[in-house]
Amino acid sequence: MNNVIKAFGETPAVDGLSLAVGPGQIFGLIGPSGCGKTTTIRLLLGILKPDSGTATVMGRQPTHFGTKERERIGYTPQEFVLYPTLTVQENLRFAGSLFGMGWRRRHRRIREVLEFLDLWDARKRMTRDLSGGMKRRLELACALLHEPELLFVDEPTAGLDPVLRVRIWDLLRELRDRNITVFVTTQHIDEIVRCDNVAILDHGRLVGLGTPESLRRSAMGGEMVEVEADHVSKDAVAALRQLPEVKSVRWTNNGALQVVVEDAAAATPTITETLQERGEAVEAVRPVVADFDDVFRRLVGDEAPHNG
Amino acid sequence: MGRSIIRTLSFFSQWASEVLRQPWLMIVLVLGPFVVLFLFGAGESVGAPKPRAIIVVPAGQQQSPLAVSTDNLTQYLQVVATTTDLQGAREQLANNKADLVVVIPPDPLQAIQNGQHANIQVLTDEIDPVRLSYAQAYIRQQGDALNRQTVEKAVATAQGQIGDVHSFLAEAQNYVKALQSSPDLASSQADLGQIKSELDQVSNVLHTAIDLVQNSPLILFNGVGGTSVSQLQQTAKSVDDLRSQISGLQSQLSSAGLPSSLTPQDLQQLQTSLNQIDQQATQLRTIPPDVVASPFNIDIQNIAPWKPNGTGFYAPALLALIVQHVGITLGALSMSRVRLLGLMEILQTSPVKATEISVGNFLAYGTLCVLVAGTLMGLIMGVLGVPVFGPPWAVVAVLLLLIAASVGIGLVVSLVSASEQQAVQVAMLVLIASVFFSGFLVSLDTIDWPIRIISFLLPVTYAIRTLDDVMLRGRLLTPEDFGILAAFAVVFFLATIFLFRREMRAR
């Protein structure tokens, strides 16, 4: 996507979005509700047309997709959109026939995807009687039936309990391992870590793009070492700032001292030594990994660091 | 090509899976309309019921030849009461206890003799224009019947009196025979006097009958019974001429005093004249009073191959109406449901094309309509005994075209409607318009232009017309209706493809 803008009325849903997704990965589009995730997916599927900018998927503009391109793409919408009065198997047959799958291939693939998604035993159940997690998996099954190379999954874990969420991500990883490119959206920030690459959206704008680790580093300014102590004197903090490994020092909301460094493992002994030299009563000095909620807040500018 | 067929049939198999799982839904969909038709036929009577009437008779009604008998009023009216209280009758009319109040005039003969109509006043409190027109037609027919009965009564009275002429003439013949053998002048004079006396009585009867006819409301049948009046007058003139002739013979006898003055030729002529008068009088009686009153009888012969009752007549039209409604409603709900479920996104992102969706939906809902129409047709023919006199292919063709047009309209409605409710509202609106304007409820001829344009915008109008002709008349009177229905089907099919394309286009 290159500088894509899409507005509904006066409100831009996607505002100058540019990103690229390589094959064979899980690409996560992450952001709060209403940030433009679904609009982005619809732009990439050719359901929506950009007001400006260009989108290209598999070498073609989505609005010009033909039968061949569509047969290579699978899509699981955010809402459950299958026929509630059909059985699991019948919904799959319908989905397969929409993609022009012949009876033999459809029959074989229905069994394969249902077994893959642990739904084989439920194949004759009415769709309306399925649990939320089963419905999600059935939608995935419908999208996977025709063996797509690229799978768009819009908020697959929304409304699911943590166990089911993990199960869904495990399935997505398995698909990635089968060389299917998975473009997934979620509003659960903690799920960033399950993606190979992520883009973070806020109000339609891209605020972060990269691997989870690179995003964490760029959001936090580097790696972090946390100092546990009842009290750290101003002199000691000033001494830490003078160290060449240290980029910044700040106090967290819960009273801990966080030291941002280039390499946490290498800097930890130096920080410990500096504090001990000044007689500070330090309980522990250890590398910490920043929470992605914090990362997100920093990226969208909700949390300014408290420099100590 | 193969993939395209699979994609097209996906809608059919999805529909089939859903429908086959709900057999009761199918039964209701198929049998429901038949039960409606059956109950409609069982409870419907062609035309309107006889109006409930209160007859207000004058107190102390005179017994004249024109006295109106309430028995005569029951042919077209349901007489619920006979009273002399006009005010009470009006109140009952206002309270919907009766549909009409018929006020009989106190002395109709007097009015007629004064050169005026005998006015029978009829009061009604009807707000239904159809029932009012029925009531007016009934009242006019009742008036005609009363007039006719009055004429009949007068003619019968006159003919009864003419019956006496026979005996007088037979007596006169006896005296003519006696005259032939009269021994002397005195006997001849006496016989001639007797003959003249009998003829005087005949003359009196005839003139009384003429007076009765001329001074009675038989004036009403000037053009109807005029022949009888002139015949009466002619016969009376013949009698009077014979009387003059006899007076002449009497004078001859008196002056000549010779019995031989009455020649056998005179006697023969006298007998011939009497026979002629008798024949004329007989002829006057041979015409029955009802023929005199109603010389022209209207003999209505219906050459239609089948005379259906209400159910039979309405069956083809109701079949067409139900098939159109089912087609439009199913079509109208189809895409609304797809939108409601969010399936449109799935269709947009799948390789399925607008034409394939369109054909698939036509096949799916068209098949359901064919099942409904076929079952209804079977029940109409098998249970209600409605025949198909015309070629069966015409019935099949018109139903298939109607189904295609109706499903097309329904799909267009669903694609332009913003919600399921809106689609259902439009389907109901089309149904209501079809009931009023298609010729189902009232004949197309009774709908004025330009409102009749609405009739010809409804496919069911052509289907009803063709089904009526083919099934009930056995003839295909408007073959162009096939073309018009086919045009409807094609136009709406193309419109459906266009709208599906628009719906699936990126926004």
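Keeping their order, the protein sequence lines are chains A and B.
Note that the working numbering has the first sequence beginning at 3, numbered continuously upward.
Note that the working numbering has the second sequence beginning at 64, numbered continuously upward.
Ideal placement from N, C-alpha and C gives every residue a C-beta, glycine not left out.
- Message: Assess contact between the segment 19-36 of chain A and the segment 75-91 of chain A, defined as three or more Cβ pairs (one per stretch) separated by less than 8 Å. Is contact present?
- Response: no
- Message: For A15 (chain A) and L404 (chain B), I'd like the C-alpha separation in whole angstroms.
- Response: Within the first sequence, numbered from 1, the residue matching residue 15 (chain A) stands at position 13. Within the second sequence, numbered from 1, the residue matching residue 404 (chain B) stands at position 341. The straight-line gap from Cα to Cα measures roughly 23 Å.
- Following the continuous alpha helix (DSSP H) through A266 (chain A), name the residue where it begins and the one where it ends. For the purposes of this step, residue 266 (chain A) is taken as residue 264 along the first sequence, with counting starting at 1. Counting along the chain, the alpha helix (DSSP H) containing A266 (chain A) begins and ends at A266 to E279.
- Spell out a yes or no on whether the segment 264-278 of chain A and the segment 292-303 of chain A are touching, meaning 3 or more CB-CB pairs, one atom from each, closer than 8 Å. no
- Task: Mind listing the chain B neighbours of G206 (chain A)? Cutoff is C-beta to C-beta under 9 Å, in chain order.
- Result: Working through the first sequence from its first residue, we reach residue 206 (chain A) at position 204. Here the premise fails: no neighbours, minimum Cβ distance about 17 Å.
- Residue nearest to D353 (chain B) in terms of C-alpha spacing, selected from B:A467, B:R211 and B:V165: On the second sequence, residue 353 (chain B) is found 290 positions in, with the first residue counted as 1. The option with the nearest alpha carbon to D353 (chain B) is B:R211.
- Exposed or buried, V184 (chain A), counting other C-beta atoms within 10 Å across all chains shown (16 or more means buried)? As a working note, residue 184 (chain A) is residue 182 in the first sequence. So V184 (chain A) ends up on the buried side.
- Message: Starting from V433 (chain B), trace the alpha helix (DSSP H) in both directions and tell me its first and last residue.
- Response: Position 370 of the second sequence, counting from 1, holds the residue named residue 433 (chain B). Segment A417 to G445, the alpha helix (DSSP H) holding V433 (chain B).
- With 16 other Cβ atoms within 10 Å as the buried cut-off, status of P351 (chain B): Position 288 of the second sequence holds residue 351 (chain B). Per the 10 Å Cβ criterion, exposed.
- Can you name the residues of chain B whose CB is closer than 7 Å to the CB of I28 (chain A)? As a working mapping, residue 28 (chain A) is identified with position 26 in the first sequence. The premise fails here: I28 (chain A) is roughly 20 Å from chain B at the closest Cβ pair, so nothing lies under 7 Å.
- Message: Which residues in chain B have a C-beta closer than 7 Å to the C-beta of F101 (chain A)? List them in chain order.
- Response: Along the first sequence, read from residue 1 onward, the residue named residue 101 (chain A) stands at position 99. Per Cβ cutoff of 7 Å: S413 and P414.
- Query: Is the distance from the Cβ of A241 (chain A) to the Cβ of I32 (chain A) below 9 Å?
  - Reply: Along the first sequence, read from residue 1 onward, the residue named residue 241 (chain A) stands at position 239. Along the first sequence, read from residue 1 onward, the residue named residue 32 (chain A) stands at position 30. Their beta carbons are not under 9 Å apart, which means A241 (chain A) does not touch I32 (chain A) by this criterion.
- Message: Distance cutoff 9 Å, beta carbons only. Does S76 (chain B) sit that close to anything in chain A?
- Response: Within the second sequence, numbered from 1, the residue matching residue 76 (chain B) stands at position 13. Yes, S76 (chain B) lies at the interface with chain A (some Cβ there is under 9 Å from its Cβ).
- Query: According to the neighbour-count rule (16 or more other Cβ atoms, all chains shown, within 10 Å of its Cβ), is M64 (chain B) buried or exposed?
  - Reply: Counting from one through the second sequence, the residue named residue 64 (chain B) turns up at place 1. When all chains shown are included, M64 (chain B) counts as exposed.
- Closer than 9 Å to chain A by CB, I69 (chain B): Numbered from its first residue, the second sequence carries residue 69 (chain B) at position 6. Contact with chain A is found for I69 (chain B), since one of that chain's Cβ atoms lies less than 9 Å from the residue's Cβ.
- Message: For chain A, check one thing: does any of its Cβ atoms lie closer than 9 Å to the Cβ of R564 (chain B)?
- Response: By 1-based counting over the second sequence, the position of residue 564 (chain B) is 501. No, no contact with chain A.
- Message: Closest to I472 (chain B) by C-alpha separation, out of B:S482, B:A486 and B:L442, would be which residue?
- Response: By one-based count along the second sequence, residue 472 (chain B) stands at place 409. Per the Cα distances, B:A486.
- Query: Going straight from the alpha carbon of S220 (chain A) to that of A258 (chain A), what length do you get?
  - Reply: As a first step, residue 220 (chain A) is located in the first sequence; it is residue number 218 there, counting from the start. As a first step, residue 258 (chain A) is located in the first sequence; it is residue number 256 there, counting from the start. Distance between the alpha carbons of S220 (chain A) and A258 (chain A) is about 21 Å.
- Query: Where V186 (chain A) and I7 (chain A) are concerned, what is the direct C-alpha to C-alpha distance, given to the nearest angstrom?
  - Reply: For the purposes of this step, residue 186 (chain A) is identified with residue 184 of the first sequence, where counting begins at 1. For the purposes of this step, residue 7 (chain A) is identified with residue 5 of the first sequence, where counting begins at 1. For V186 (chain A) and I7 (chain A), the distance between alpha carbons rounds to 20 Å.
- Query: Among B:F499, B:M491, B:T529 and B:E419, which has the Cα closest to the Cα of I69 (chain B)?
  - Reply: Residue mapping note: residue 69 (chain B) aligns to position 6 of the second sequence, counting from 1. Closest by alpha carbon: B:E419.
- Complete runs of the alpha helix (DSSP H) confined to the segment 161-192 of chain A [at least 4 residues]: 164-179
- Message: Can you confirm whether F185 (chain A), when its beta carbon is compared against all beta carbons of chain B, has any partner nearer than 9 Å?
- Response: In the first sequence, residue 185 (chain A) corresponds to position 183, counting from 1. For F185 (chain A), the answer is no, since every Cβ of chain B falls outside 9 Å of its Cβ.
- Count the other CB atoms, across all protein chains shown, that sit within 10 Å of the CB of Q260 (chain A); report buried if there are 16 or more and exposed otherwise. Position 258 of the first sequence, counted from the start, is the residue given in the question as residue 260 (chain A). Taking a 10 Å sphere around the C-beta of Q260 (chain A), we find 16 or more other C-beta atoms and assign the residue as buried.
- Amino acids of chain A, ordered along the chain, whose beta-carbon sits closer than 7 Å to that of R402 (chain B): The residue labelled residue 402 (chain B) in the question sits at position 339 within the second sequence. The contacting residues do not exist; R402 (chain B) stays about 10 Å from chain A at best.
- Closest by C-alpha distance to P252 (chain B), when choosing among B:L540, B:V265, B:D274 and B:Y238: Position 189 of the second sequence, counted from the first residue, corresponds to residue 252 (chain B). Just to set this straight, residue 252 (chain B) is Gln in the shown sequence, not Pro. Closest by alpha carbon: B:Y238.
- Message: Using a Cβ-Cβ cutoff of 7 Å, what residues of the segment 29-49 of chain A are near chain B? List them in chain order.
- Response: L47, G48 and I49
- Query: Taking just the CA atoms, how far does E12 (chain A) sit from H205 (chain A)?
  - Reply: On the first sequence, residue 205 (chain A) is found 203 positions in, with the first residue counted as 1. On the first sequence, residue 12 (chain A) is found 10 positions in, with the first residue counted as 1. Going from the Cα of H205 (chain A) to the Cα of E12 (chain A) covers about 13 Å.
- Item | Below-9 Å beta-carbon distance, T274 (chain A) vs any chain B residue | As a position in the first sequence, residue 274 (chain A) is number 272, starting the count at 1. For T274 (chain A), the answer is no, since every Cβ of chain B falls outside 9 Å of its Cβ.
- Cutoff 7 Å; reference A198 (chain B); Cβ partners in own chain excluding five residues on either side: Counted from its first residue, the second sequence places residue 198 (chain B) at position 135. Here the set comprises P114, D162, L163, T187 and E189.
- Task: Examine the ligand MG and report whether any of its heavy atoms sits within less than 8 Å of the Cβ of V354 (chain B).
- Result: Judged by which ligands are present, the structure shown has none, so any question about the ligand MG falls away.
- Query: Any chance the segment 51-60 of chain A sits against the segment 93-104 of chain A, with 3 or more Cβ pairs inside 8 Å?
  - Reply: No, because fewer than three Cβ pairs between the segment 51-60 of chain A and the segment 93-104 of chain A fall closer than 8 Å, the two stretches do not touch.
- Item | A367 (chain B) versus R536 (chain B): straight-line alpha-carbon distance, rounded | For the purposes of this step, residue 367 (chain B) is taken as the residue at position 304 of the second sequence. For the purposes of this step, residue 536 (chain B) is taken as the residue at position 473 of the second sequence. Each residue's alpha carbon lies about 6 Å from the other.
- Item | Contact the segment 522-537 of chain B vs the segment 376-384 of chain B: 3+ CB pairs below 8 Å | yes
- Query: Taking Cβ to Cβ, would you say L474 (chain B) is nearer than 9 Å to A496 (chain B)?
  - Reply: Taking the first residue of the second sequence as 1, we reach residue 474 (chain B) at position 411. Taking the first residue of the second sequence as 1, we reach residue 496 (chain B) at position 433. Not in contact: L474 (chain B) and A496 (chain B) (Cβ atoms no closer than 9 Å).
- Going by CA-CA distance only, name the one from A:L19, A:E141 and A:F29 that's closest to F96 (chain A). Position 94 of the first sequence holds residue 96 (chain A). A:E141 is the residue among A:L19, A:E141 and A:F29 whose C-alpha sits nearest the C-alpha of F96 (chain A).
- Message: 9 Å is my cut-off, CB to CB: does E483 (chain B) come that close to chain A?
- Response: For the purposes of this step, residue 483 (chain B) is identified with residue 420 of the second sequence, where counting begins at 1. With a threshold of 9 Å between beta carbons, E483 (chain B) makes no contact with chain A.
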